[in-house]
Amino acid sequence: TDFGNGPVGTGTTHEFPISNAGPGDLVITSVSIFPNTAFKFTGQVPLTIPAGQTLKLPITFTPTAMGLQTAVVTIRTNDPARDPFVFTISGYGTSRTIAVGSATHPITNGDTTPDAADGTLLGSAMVGGSPLTASFPIRNTGNIPVQISSITSSNSSEFSVISAGSIEIA
């Protein structure tokens, strides 16, 4: 019932075995999940399980947000002793989210307009004079570590990157 960690927006399916000890057929008439924001029943009902057989009930966890997400599964059947059959499922949504720049003046991904407010407009420098330098904080606003393997410049002859190399940000 624990789907474990899953990246936000990516689905993981668990198949829950349902056995019929008999006598007679077990008919699953409905499967509902509440709330159904992150968990979905991916099979079809009605579903008949002959006596002595086992079938698997597929449920997919696709986290919609970071953090713990839970839901209640209700299975309706023709078994008067166990109708409804109810249990709780859970999963933990994870995300690596890199943020560059200050929290008050972030640099957006793909930004092509230098701006003094976010620090990307460096100003003027004399040819052959002292270089201008700028530092850009890099944060992980997700809930699992992000690994940065390299930082490069598309114009390394004019803008060199000085970094610590490969780093992990919690």
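In the numbering used here, the protein residues as written are 1005 to 1174.
Yeah, the Cβ is synthetic: ideal placement off N, Cα and C, and Gly gets one too.
Would you kindly work out how many angstroms separate the C-alpha atoms of residue i and residue j, rounded to a whole number?
i: Thr-1033; j: Pro-1011; result: 32 Å
i: Thr-1124; j: Pro-1118; result: 5 Å
i: Ser-1139; j: Leu-1126; result: 11 Å
i: Pro-1084; j: Pro-1021; result: 19 Å
i: Ser-1158; j: Glu-1172; result: 23 Å
i: Phe-1007; j: Asn-1113; result: 32 Å
i: Thr-1081; j: Gln-1151; result: 48 Å
i: Thr-1017; j: Val-1131; result: 60 Å
i: Leu-1072; j: Phe-1043; result: 12 Å
i: Asp-1087; j: Phe-1045; result: 18 Å
i: Ala-1120; j: Ser-1161; result: 22 Å
Could you pull out every residue in the same chain whose Cβ sits closer than 6 Å to the Cβ of residue i, ignoring the five residues on either side in sequence?
i: Glu-1019; result: Lys-1060 and Pro-1062
i: Gly-1015; result: Thr-1064 and Thr-1066
i: Ser-1167; result: Ile-1155
i: Asn-1009; result: Tyr-1096 and Thr-1098
i: Ser-1023; result: Thr-1058
When DSSP builds the beta bridges, which residues end up paired with residue i?
i: Arg-1080; result: Ser-1034
i: Ala-1103; result: Arg-1143
i: Ser-1094; result: Asp-1006 and Thr-1074
i: Val-1150; result: Ile-1173
i: Pro-1110; result: Gly-1105
i: Glu-1019; result: Pro-1062
Just to confirm before moving on: does the CB-CB distance between residue i and residue j stay below 8 Å?
i: Thr-1092; j: Thr-1005; result: yes
i: Ala-1174; j: Pro-1149; result: yes
i: Gly-1013; j: Thr-1098; result: no
i: Thr-1074; j: Ser-1094; result: yes
i: Met-1070; j: Asn-1144; result: no
i: Ser-1153; j: Ser-1170; result: yes
i: Pro-1135; j: Asp-1122; result: no
I'd like the list of long-range same chain contacts for residue i, defined as Cβ closer than 7 Å, with 5 residues on each side in sequence excluded.
i: Pro-1050; result: Val-1031, Ile-1032 and Thr-1033
i: Gly-1028; result: Ala-1055
i: Ala-1129; result: Pro-1135 and Leu-1136
i: Thr-1052; result: Asp-1029 and Val-1031
i: Thr-1101; result: Asn-1144, Thr-1145 and Gly-1146
i: Gly-1026; result: Ala-1055 and Gly-1056
Can you list, in chain order, the residues of its chain whose CB lies under 8 Å from that of residue i, leaving out five sequence neighbours each side?
i: Val-1090; result: Val-1076, Val-1077, Thr-1078 and Ile-1079
i: Gly-1047; result: Val-1035, Leu-1061 and Pro-1062
i: Gly-1133; result: none
Exercise. How about the segment 1022-1038 and the segment 1105-1112: do they share at least three Cβ pairs that are nearer than 8 Å?
Worked result: no
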